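If you want the numbering used here, it's the 1-based position in the sequence shown plus 48. A virtual CB, placed ideally from N, CA and C, is assigned to each residue, including glycine. For clarity, every value in this text was computed on a predicted model and none was experimentally measured.
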Amino acid sequence: MEKISPFKTRLMQMPQAYTAVLCAMAAFCIYVCTYAFRKGFTAGTYLENQLLGIDFKVWLVIAQVGGYALSKFAGIRFIAEIKPQGRGRAILLLLFAAWLSLLGFAIIPAPYNIVCLFINGIPLGLIWGLIFTYIEGRKSAEFIGAVLCTSFIFSSGIIKTIGRFMMVHWSISEKWMPFMVGLLFVLPLIFFVYLLEQVPPPTAEDIKQRTQRLPMTAKERKAFVKYFLPGLVFNIAIYVLLTVMRDFRDNFEVEIWTDFGYKNNPGIYSQIDIPISIVVLLLMSLLMLVKKNFLAFKLAHCCIGFGFLLIGMGTWALTGDIIHNMTYMYIVTLGLYLAYVPYSIIFFERLIATFRYKSNVGFMIYLADSIGYLGSVCILLFKQFGHTTLSWGSFFVHGAGIVSMIGLTGTGLSYVYFYRKKKAGIPEAADQTIVLNYPVVQSG
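Set out below in structure tokens:
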């Protein structure tokens with residue numbers, strides 16, 4: 049039997065609001081620490097090195113994203129089958145492995161240190177799913193998830209600002225900077241993983257409202273995909289587009305801002321990301337107030353569609369010289385995360401609860417993520433080898449326009465599919481469930 053600490057015992061006796069706040073704070077801080085081990089290197093430009101005529105930073109990004117994508121494919125099974133015991137230890141071991149790979153990046157001469165970024169991406173790709181296993185299946189999942197998701201909006205700018213500050217003011221080289229950024233976050237990481245481990249599991253009331261979340265076998269995963277196949281195809285396609293756009297912006301934000309005329313302004317990254325993260329947090333948290341799962345599921349579609357609409361309108365306004373580059377980045381970044389964040393915290397969570405399907409969110413997120421990051425690698429390869437003469441900034445703007453059009457279409461198709469499936473006789477009562485992945489209505 050697992051030994052329960054006195055602190056965890058006290059938490060189990062407190063109102064659920066305290067548990068939600070603690071879980072949200074710990075999850076947020078852990079993922080900020082994760083970004084320190086993942087995105088520190090993107091603060092550099094690495095212009096002094098090239099390999100086969102390609103910018104060295106492009107090779108680094110492809111290597112890390114390749115490892116990350118490989119990890120996402122492995123995570124489809126790993127996260128779907130993970131049990132609560134040992135999750136905290138797994139988070140620490142994976143992140144320390146990622147940090148040590150950054151030490152290898154600093155010590156091993158270029159271009160051989162590219163492999164260190166590939167190794168770095170592999171453990172990092174499992175962290176989100178591990179953290180989310182603490183969150184899913186709670187009535188407060190939207191609030192906690194919204195806080196967690198603001199971490200990758202907030203962290204993207206903060207980590208780049210810290211990295212640039214280290215290089216400019218502390219004279220730390222581009223090779224050592226990623227490792228040193230990670231060093232700042234080691235002790236906070238240990239502390240917040242301990243806090244997350246103290247969070248009590250979902251209550252009986254949580255399970256009744258949101259459906260029990262269970263590990264899934266290979267057979268059950270295949271049955272789930274078959275049961276929701278058209279809807280999953282629409283949404284994985286949308287998610288791939290959003291992942292590619294978000295990852296491209298994160299990895300080459302320095303280059304995009306340089307093209308936009310903001311070369312020597314380290315604070316520009318957090319200037320955009322911090323207010324956007326607050327707005328997204330507030331909007332996503334409002335969905336926690338929606339008790340009816342199907343209504344929340346429909347609102348998630350609306351949020352995603354509105355995000356794509358903002359991306360399209362911002363791109364149209366910029367290309368028509370109606371708005372400035374800074375305004376464009378505010379609008380497009382807000383649209384990007386309004387469309388992206390619901391998939392991470394609301395869409396799949398309410399999908400399970402709406403259709404009373406006993407499964408887990410981690411499986412669906414990793415199924416979508418694995419294909420999304422593979423798409424990210426493909427876009428980078430196209431940018432470098434597809435004979436395009438567009439700069440990083442122009443490539444981002446043109447890509448955003450394409451993403452908005454395809455995304456709006458896919459969101460509409462998804463809405464129609466799930467609306468019809470819901471009306472086709474899926475159980476309405478709270479005590480009726482599709483047990484595991486066999487779509488048979490059970491009562492009692």
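Can you list, in chain order, the residues of its chain whose CB lies under 7 Å from that of residue i, leaving out five sequence neighbours each side?
i, result
"Y116", "G169, L172, G173 and Y421"
"A472", "none"
"L347", "L335 and V338"
"L18", "Nothing can be reported for residue 18, as the shown portion of the chain is limited to 49 through 492."
"R294", "L384 and Y388"
Restricting to Cα atoms, I'd like to know which of the options is closest to residue i.
i, options, result
"G309", "K267, L357 and W440", "W440"
"C350", "S333, L386, N341 and H372", "L386"
"E397", "N341, L429 and F126", "N341"
"N299", "K208, V327, T375 and I326", "K208"
"I110", "I162, A344 and E301", "I162"
"P236", "F76, L148, S442 and H217", "F76"
"Y378", "F433, A416 and I326", "I326"
"G315", "A91, G114 and S221", "A91"
"F239", "I78, F345 and F121", "I78"
"H446", "I427, V464 and F433", "I427"
"Y376", "F354, K470 and W305", "W305"
"L280", "F466, A65 and K311", "F466"
"L509", "I450, R297 and K431", "There is no way to answer for residue 509, as the model of the chain reaches only from 49 to 492."
"R468", "G455, P278 and G101", "P278"
"L429", "I102, K131 and E184", "I102"
Is the beta carbon of residue j closer than 7 Å to that of residue i?
i, j, result
"F104", "N97", "yes"
"I359", "S462", "no"
"T381", "I324", "yes"
"A74", "L244", "yes"
"G123", "Y391", "no"
"F202", "D321", "yes"
"M332", "V389", "yes"
"Y94", "E301", "no"
"Y287", "A416", "yes"
"P226", "L150", "yes"
"G136", "V216", "no"
"G114", "F180", "no"
Got a sec? Which residues, its chain only, sit under 8 Å from residue i by beta carbon, not counting five neighbours each side?
i, result
"A68", "R186, S188, F191 and I192"
"F233", "V80, C81, A84 and F85"
"E253", "K187"
"S119", "G169, I170, P171, L172, G173 and L174"
Within a Cβ cutoff of 6 Å, which residues of the same chain sit near residue i, ignoring the five residues on either side of it in sequence?
i, result
"F282", "G458, L461 and S462"
"P487", "Residue placement at P487 cannot be trusted, given a pLDDT of 34 that sits under 50; what the coordinates show is reported in the next sentence. Correct list, in chain order: Y275."
"I210", "V229"
"N485", "Any reading at N485 is ruled out, since the residue's pLDDT is 38, under 50, leaving its predicted position unreliable."
"I371", "A365"
"L99", "W107 and P159"
"R125", "none"
"I352", "A387, P390 and T459"
"D307", "S439, W440 and G441"
"F444", "I304"
"S204", "D298 and D321"
Can you tell me where the alpha helix (DSSP H) with residue i in it begins and where it stops?
i, result
"N97", "Premise fails: N97 is in no alpha helix (DSSP H) and is neither H nor E."
"W218", "Run containing W218: none; DSSP gives neither H nor E here."
"H349", "N341 to T367"
"L496", "Because the chain here runs from 49 to 492, residue 496 falls outside it and cannot be looked at."
"T402", "F396 to F403"
"Q64", "Q64 to R86"
"W176", "I175 to F180"
"P278", "L277 to N299"
"P249", "Premise fails: P249 is in no alpha helix (DSSP H) and is neither H nor E."
"A387", "N373 to P390"
"P132", "Careful: P132 lies outside any alpha helix (DSSP H) and carries neither H nor E."
"S318", "I316 to L334"
"N16", "Because the chain is modelled from 49 through 492, residue 16 falls outside the range shown and cannot be assessed."
"F466", "W440 to K471"
"G230", "M225 to L231"
Please report the Cβ distance between residue i and residue j, rounded to the nearest whole angstrom; I am assuming they are in contact, meaning their Cβ atoms lie under 8 Å.
i, j, result
"I156", "C164", "6 Å"
"G423", "T291", "7 Å"
"S318", "F121", "In fact, because the Cβ distance is near 33 Å, the residues do not count as touching under 8 Å."
"W224", "A154", "5 Å"
"M394", "A344", "Reading off the sequence, residue 394 comes out as Ile, not Met. I394 to A344, Cβ: 7 Å. Contact."
"L289", "I454", "6 Å"
Confirm the yes/no value for this check: CB of residue i, any heavy atom of the ligand NAD, distance under 6 Å.
i, result
"V338", "The ligand NAD is absent from the structure shown, which contains no ligand whatsoever."
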